[in-house]
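Heads up, the thing below is written out as structure tokens.
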Amino acid sequence: MKITSVESFVHPDFPNIIYVKIGTDAGVYGIGESYYFGRTVATFVDEFVAPTLIGLDPANIENISRKLTTYVGALSSGVEMRAKSAVDIALWDIKGKVEGKPIYQLLGGQSKALSIYNTCAGRGYMRKSDQDSSAWGISDKNDQYEDLQAFLTDAGSLAKELLAEGIGGMKIWPFDTYAEKNDGKDISDEDLKKGLIPLQKVRDAVGEKMQLMLELHALWSPLAAKKIFEATKDLKLTWIEDPIYPDLLDDYALLRSKGYAPIAHGETVTSMVRVEALLKNDYIDVLTLDLGWCGGFTQGIKFTQATKKYGKSIAPHDCSGPIGLIAGAHLSTAYENALVQETSRASLRTWYPMIVTTLPTIADGKISLSQEAGLGTDLTSTFTSAAKFAKQA
1 MKITSVESFV
11 HPDFPNIIYV
21 KIGTDAGVYG
31 IGESYYFGRT
41 VATFVDEFVA
51 PTLIGLDPAN
61 IENISRKLTT
71 YVGALSSGVE
81 MRAKSAVDIA
91 LWDIKGKVEG
101 KPIYQLLGGQ
111 SKALSIYNTC
121 AGRGYMRKSD
131 QDSSAWGISD
141 KNDQYEDLQA
151 FLTDAGSLAK
161 ELLAEGIGGM
171 KIWPFDTYAE
181 KNDGKDISDE
191 DLKKGLIPLQ
201 KVRDAVGEKM
211 QLMLELHALW
221 SPLAAKKIFE
231 ATKDLKLTWI
241 EDPIYPDLLD
251 DYALLRSKGY
261 APIAHGETVT
271 SMVRVEALLK
281 NDYIDVLTLD
291 LGWCGGFTQG
301 IKFTQATKKY
311 GKSIAPHDCS
321 GPIGLIAGAH
331 LSTAYENALV
341 QETSRASLRT
351 WYPMIVTTLP
361 TIADGKISLS
371 QEAGLGTDLT
381 STFTSAAKFA
391 KQA
């Protein structure tokens, strides 16, 4: 079997997301996804990845992964890595279809339901390629799925609503706007108190019935992060995620004091060297890897095996696109040290169904996959037609 085509898709309504479709001479094809500056990644796919892959055997996934790791940028989290990640997911989709098995079975797992938590974003979150509040995309405050606005204004009611749906975990980021004042170098006592309000509202409304995650989006200096850790230590947080600037490593040791919340980190991590350092030094408790950013399943499997070696958990990232969620759920389903799967109900119930034909089943706060081969989904014809037209235009 040989690869005969590599197509990229970027939809005008979702310009941050890149999809690839890899075709073969056997008529079997696979799909993959990555996120952030979709058009830029698509250019790299069209101009370099496609001509590189044509004629290769799609079953040689490890070899193709290495072939796409030999150029400048391929070891970073840049365009090359994002393209490689989307391609790798598509190749595993092909592998599953050829063998007639879902990817989680290829990884040695069996079908199971895994607990989810809700990242409290809205349907317009991160449509733009910015990492600040200008990209929050808050829509009409009356939108029933505008969970970002809800946690900022009435986090207690949102927690009750999620629990009523059977969702036992929620993640919010009430400190982000305060980091924008001085690039996260420090945080004032006043802003600390303001940031605590939504977290305290959740605890006041539902107590510890709700698992509560605090997202810091790698916006803070170690000094400021330590203040936030100290201020939140009595809230019994499930974890604090990405607390310090992304290029820092050993500073995580400053945040491991007794009584502080567990630390989650990893959605932007693409290097096994960094993963090993994080785990070996006991800097984190949960690795939040993203298969659309770290190199796909091929690299994600290695990351996950490393977490098992050091007795840590994984909780795959999802706040980008539907295939990223599905891929992460396959990995979570296959490995026993998967703690929880991130989801965003705003995305799942509004625009994810516009892009893919089938989504995982979510019921009673758990996610489960079908026994369909490969990823178990496809891009909708409506989506691919609009994306192709936009690209040609």
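The sequence shown begins at 1 in our numbering and counts up one residue at a time.
We treat Cβ as the ideally placed atom computed from N, Cα and C, and that holds for glycine.
Since we're looking at a predicted model, the values are computed, not measured.
query = Of all Cβ atoms in chain B, is any one closer than 8 Å to the Cβ of TYR245?
reply = No chain B is part of this structure, which consists of one protein chain only.
ask   = Ordered along the chain, which non-local residues of its own chain (more than five positions away) have a Cβ less than 7 Å from that of ALA393?
value = The predicted position of ALA393 is uncertain, since its pLDDT is 47 and thus under 50; a value taken from the coordinates is nonetheless stated next. If we look at ALA393 and ignore the five residues flanking it on each side, it has no Cβ neighbours.
query = In terms of alpha-carbon separation, which member of ASP183, PRO198, GLN200 and TYR178 lies closest to ASP191?
reply = TYR178
query = Using 8 Å as the threshold, is the region 291 to 311 in touch with the region 340 to 349, meaning 3 or more CB pairs across them?
reply = At 8 Å Cβ cutoff, the stretches do not touch.
Sequence-distant residues of its chain with Cβ nearer than 8 Å to MET272 (five each side left out) = GLN299, LYS302, PHE303 and ALA306
ask   = Who does GLN211 pair with in a DSSP beta bridge?
value = GLY169
key: Assigned exposure category for PRO198 - 16 Cβ within 10 Å defines buried   = buried
ask   = Any idea which residues DSSP pairs HIS265 with across the strands?
value = LEU287
query = From which residue to which residue does the alpha helix (DSSP H) around ASN118 run?
reply = Element bounds for ASN118: not the alpha helix (DSSP H) but the beta strand (DSSP E), 114 to 119.
Assigned exposure category for ALA363 - 16 Cβ within 10 Å defines buried = exposed
query = In its own chain, which residues sit with a C-beta less than 7 Å from the C-beta of ALA334, not counting the 5 before and 5 after it?
reply = TYR104, LEU107, GLY108 and GLY109
key: PHE14, DSSP secondary structure in three states   = Coil at PHE14, not helix or strand.
key: Span separating the alpha-carbon of GLY166 from that of ALA315   = 19 Å
task = Quickly, what does DSSP pair TYR29 with across the bridge? List them, please.
result = GLY23
ask   = From the DSSP output, which residues share a beta bridge with ILE362?
value = ILE367
inquiry  = Spatial neighbours of TYR283 within its chain, please: C-beta separation below 6 Å, excluding the five flanking residues on both sides.
reply    = TYR252
key: Buried or exposed (CB count within 10 angstroms, at least 16 for buried), ALA164   = exposed
ask   = Considering only the beta carbon of each residue, do LEU249 and PRO222 sit closer than 8 Å?
value = no
ask   = Under a Cβ-count criterion, where at least 16 other Cβ atoms within 10 Å of its own Cβ denotes burial, should GLU47 be classed as buried or exposed?
value = Under this definition GLU47 is an exposed residue.
inquiry  = Looking at the strands, I want to know which residues DSSP matches up with ASP338.
reply    = In the sequence as displayed, the identity of residue 338 is Ala instead of Asp. DSSP, once it has assigned bridges, lists ILE314 as partnering ALA338.
query = Is the distance from the Cβ of GLY321 to the Cβ of TYR35 below 8 Å?
reply = yes
inquiry  = Quick check: what's the CA-CA separation for MET210 versus SER5?
reply    = Cα to Cα, MET210 sits roughly 47 Å from SER5.
request  = Kindly give me the distance between the Cβ atoms of ALA113 and VAL20, rounded to whole angstroms, as I take these residues to be in contact under 8 Å.
outcome  = About 29 Å separates the two Cβ atoms, so there is no contact after all.
Buried/exposed call for VAL72, threshold 16 Cβ in 10 Å = exposed
query = Should ARG66 go down as buried or exposed, given a rule of 16 or more other Cβ atoms within 10 Å for buried?
reply = Its Cβ having fewer than 16 others within 10 Å, ARG66 is exposed.
inquiry  = Can you tell me which residues form a DSSP beta bridge with ILE3?
reply    = Looking at the DSSP output, ILE3 bridges to THR24.
query = Buried or exposed: which applies to ALA387, given that a residue is buried once 16 or more other Cβ atoms fall within 10 Å of its Cβ?
reply = buried
ask   = Going along the chain, which unbroken runs of the alpha helix (DSSP H) with 4 or more residues stay wholly within the region 30 to 67?
value = 38 to 44, 50 to 53 and 61 to 67
inquiry  = Which residue marks the beginning of the alpha helix (DSSP H) containing ILE355, and which one marks its end?
reply    = 352 to 355
query = Do the CB positions of VAL286 and ALA264 come within less than 8 Å of each other?
reply = yes
ask   = Where does LEU237 sit, in a helix, a strand or coil, going by DSSP?
value = coil
ask   = Under 8 Å between the Cβ atoms of GLY169 and MET213?
value = yes
request  = Enumerate in chain order the residues of its own chain whose CB-to-CB distance from ALA150 is below 6 Å, with the five nearest sequence positions on each side excluded.
outcome  = LEU158
8 Å contact criterion, which GLU215 and ASP242 should meet: CB distance rounded = 7 Å
inquiry  = Can you tell me whether ASP189 is buried or exposed? The criterion is at least 16 other CB atoms within 10 Å of its CB, across all chains shown.
reply    = Exposed, by the Cβ-count rule.
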